[in-house]
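In order, the protein sequences belong to chains H and U. Counting in my numbering, the first sequence runs from 397 upward without gaps. Counting in my numbering, the second sequence runs from 397 upward without gaps. The beta-carbon is built from N, C-alpha and C at its ideal position, and this holds for glycine as well.
Protein chains: 2
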Amino acid sequence: MRRKVKEAAAALDYHPNLAAQSLIARRSFLIGLTYERPSPSYVVELQNGALGRLENERYRLVVLPFNHVASRPEELGKLLLRAGLDGVLLAPPACDQPLLLDMIERQKLPYARITPHSDLDRGLVVAMDEVAAGHTVAAHILSLGHRRIGVILGDPSHAASRGRMEGYRQAFSEAGVRIDESLVGTGDFTHDVGYQVARTLLDRPLRPTAILAQNDDMAVAAIAAARDLGVSVPDQLSVAGFDNSEVSRTAWPQLTTVHQPVREMAWDAADRLIAELDGTGSAAALQRRDHVHELLVRASTAAPPGL
Amino acid sequence: MRRKVKEAAAALDYHPNLAAQSLIARRSFLIGLTYERPSPSYVVELQNGALGRLENERYRLVVLPFNHVASRPEELGKLLLRAGLDGVLLAPPACDQPLLLDMIERQKLPYARITPHSDLDRGLVVAMDEVAAGHTVAAHILSLGHRRIGVILGDPSHAASRGRMEGYRQAFSEAGVRIDESLVGTGDFTHDVGYQVARTLLDRPLRPTAILAQNDDMAVAAIAAARDLGVSVPDQLSVAGFDNSEVSRTAWPQLTTVHQPVREMAWDAADRLIAELDGTGSAAALQRRDHVHELLVRASTAAPPGL
DNA sequence: GTCGTATCGGTCAACGTTTACCGTTGATTC
DNA sequence: GAATCAACGGTAAACGTTGACCGATACGAC
């Protein structure tokens, strides 16, 4: 009987009306993903991770990029609430906006936060220990013998930037090396600004022998700046990035970087959001999960000159 | 009165139920975007272009990446039809699958095709003349004096690959240069395969003095292969890419490439789809629009050695 | 033959809007 | 003062599905 109905449905190629289903089920089967002007590779990893989990589910993914959340969190909140979503995945820096979290909690919109850095007890959290990751890469540079080390920070509104810097500081203090604040420049995760900052660092009379960039795009920019100044990498200058994005492999020399399991974290965030939405949340799915970083030593770092 | 109602609604923070609106309006206000395992920068440009048009509209964007359309077009068709969309944007190579077009036409799902290469009279078409673009970049290389020219093709299932090659052929024949088929290798638009193909080309006894790669990722791979073989770019080898993706600017030397207005084309496709959906289609919006490419001569191409 | 059980067809309310309709009221016009 | 019109409150149908319910039928166990 069941079979006959299915066959007849197929014959008429009948598809149930999703709007009517949504109306009765009181949900839209839409999951939102919001992020901010980040590098293309990061965005695509994020999307693919979430989509990987959504495959073979009824849920569909709506992309909602939004720039400058920090200055107008309530606008993003309205956008998310108007979008008719069942749940939303919040990537940095939106996941660290308390006002935004307040808004969506008030409207009872379930959400999962990907690598948040503040209020770690709010909502579903998929975390990576940025401090530890920053520590690892800084320790690598220090162990090679570098002592005069430049830093290119990311966008200050991203809490990741602060976390990674904190990790650098820990590694420096453990190695008994004082951080030279005049060698710490602030970028915004883009190649162009990274280039400018790298130029200022390399133009200083006492040039650093290594640069820690907080993402790969800025690390590649630092290599470009070095090349334009006739400084060879890694012989005269070591450069380390962050993210293990595609550009870190296609750059020359290939970048020493830290792999962030962005795809896995996005998958995980979607997994836990679905668990909450469907009420199938096992204890395992609901508890906080930490993802681990991985240092990838490639060709852009070496011992400092004269060592 | 109207004002009072609005105020009361705001006070109760009442939001109309989208599912009920969809049910009565007989549309979901969802627009799909489907594409296939392409470079991150291309995907993001595509999405941002479409999102740019959708901003301040009621429509939301659902992303539906799908790999290997060529071998299973009807599966993608089912996916699209089940997604409850009002319309769909088809990027290559899905836009060139006649079976897929048949399916979605049968179900009366409006669609817009971004840079299709076959059946140009079906559906809404936003086109770029790939043949002309291929012609332009090949003519540039020929005008520099190159005669022994290697080619790295993209994925054969992308019609763009054939179109660009056709443009190369025209330029060669106009210049009276015979194409050396043994110097034509087939890649798949990825860096890794591009590297392999470049290595084979550069290992030939009579090394080409220039390489035409069908996208930037493969062009960057060709530069990496040359570097690994001790061949300097552009002194001993010129390399030209395609797409003007971000990597073409961050690479060293910066790539000579062809700018494809991907973002503008995606905007345009969304614009025309919305015009059809809302029935506000002016004659201007409904007629076919051609976008023009632009040759960007940068540092990776020069005259061949000894000229 | 009786009882319990499973399966079937059919009816109906409900989900939250929108649109149309009707009747009433108050203001405007000649 | 009568006629015209806009604004308003209220009622009801419709969108396409789901889930509950009822009654009828068929099946096996006792």
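| Query | Result |
| --- | --- |
| Counting only beta-carbon separations shorter than 8 Å, does S461 (chain H) have a partner in chain U? | Per the sequence shown, residue 461 (chain H) should be read as Pro rather than Ser. Chain U, which has a Cβ nearer than 8 Å to the Cβ of P461 (chain H), makes this yes. |
| On the DSSP bridge list, what partners appear for R509 (chain U)? | U:L486 and U:V521 |
| Given a cut-off of 8 Å, decide if L625 (chain H) and L602 (chain H) are closer than it, judged by their beta-carbon atoms. | no |
| I'd like to know if T605 (chain H) contacts chain U, where contact means its C-beta is closer than 8 Å to some C-beta of that chain. | no |
| Comparing alpha-carbon positions, which option in H:N611, H:L419, H:L457 and H:D492 lies nearest T582 (chain H)? | H:N611 |
| Closest by CA to T511 (chain H), which one among H:P700, H:V688, H:S696 and H:A695? | H:V688 |
| When DSSP labels each residue in this structure, what does R456 (chain H) get in the three-state scheme? | strand |
| Whole angstroms are fine: how far does the CA of D631 (chain H) sit from the CA of T653 (chain H)? | 17 Å |
| For the candidate residues U:A406, U:S628, U:K400 and U:Q443, whose alpha-carbon lies nearest to that of E660 (chain U)? | U:Q443 |
| When DSSP labels each residue in this structure, what does G637 (chain U) get in the three-state scheme? | coil |
| Can you tell me whether A407 (chain U) is buried or exposed? The criterion is at least 16 other CB atoms within 10 Å of its CB, across all chains shown. | exposed |
| For L419 (chain H), would you say it is in contact with chain U, using Cβ-to-Cβ distances shorter than 8 Å as the test? | yes |
| Would you call G480 (chain H) buried or exposed, if buried means 16 or more other Cβ atoms sit within 10 Å of its Cβ? | buried |
| Would you be able to state if there are at least three C-beta pairs under 8 Å between the segment 471–489 of chain U and the segment 420–432 of chain U? | yes |
| Mind checking P358 (chain U): buried by the 16 CB within 10 Å criterion, or exposed? | Look at the range of chain U in this structure, 397 to 703, and you will see that residue 358 (chain U) is not part of it. |
| List, in chain order, every chain H residue whose beta-carbon is nearer than 7 Å to that of H411 (chain U). | L477 and R478 |
| Against chain U, with Cβ distances strictly below 8 Å, would L457 (chain H) count as a contact? | yes |
| So with Cβ pairs under 8 Å, would you call P436 (chain H) a contact of chain U? | yes |
| Is it true that the CB of V589 (chain H) sits closer than 8 Å to the CB of V547 (chain H)? | no |
| From the DSSP output, in three-state form, read off T605 (chain H) for me. | coil |
| Counting only beta-carbon separations shorter than 8 Å, does W648 (chain U) have a partner in chain H? | yes |
| At what residues does the alpha helix (DSSP H) containing H536 (chain H) begin and finish? | E526 to S539 |
| Report the rounded CA-to-CA distance for R456 (chain H) versus G530 (chain U), giving the unit in angstroms. | 37 Å |
| Whose Cβ in chain H lies nearer than 7 Å to the Cβ of Q443 (chain U)? | V459 |
| How many Å lie between A422 (chain H) and F462 (chain U) at the Cα? | Here residue 422 (chain H) turns out to be Arg, not Ala, going by the sequence shown. R422 (chain H) and F462 (chain U): Cα-Cα distance of roughly 29 Å. |
| Which of helix, strand or coil does DSSP assign to I500 (chain U)? | helix |
| Classify S514 (chain H): buried if its beta carbon has 16 or more other beta carbons within 10 angstroms, exposed otherwise. | exposed |
| Quick one: measure Cβ to Cβ for W663 (chain U) and G448 (chain U), integer angstroms, because I've assumed they're closer than 8 Å. | 5 Å |
| When you compare only the Cα positions, how much space is there between S424 (chain U) and Q417 (chain U)? | 8 Å |
| Any C-beta of chain U within less than 9 Å: which residues of the segment 488–502 of chain H qualify? | R502 |
| V616 (chain H) touches chain U at which residues, Cβ-Cβ below 7 Å? | T646 |
| Whole alpha helix (DSSP H) runs in the segment 564–626 of chain U with 4 or more residues, listed along the chain? | 587–598 and 612–624 |
| Relative to chain H, which residues along the segment 623–657 of chain U have a C-beta separation below 7 Å, given in chain order? | R623, E642, V643, T646 and W648 |
| Using a beta-carbon distance cut-off of less than 8 Å, what residues from the segment 573–587 of chain U approach chain H? | H587 |
| What residue from U:V522, U:R543 and U:A508 has the CA that sits closest to G572 (chain U)'s CA? | U:R543 |
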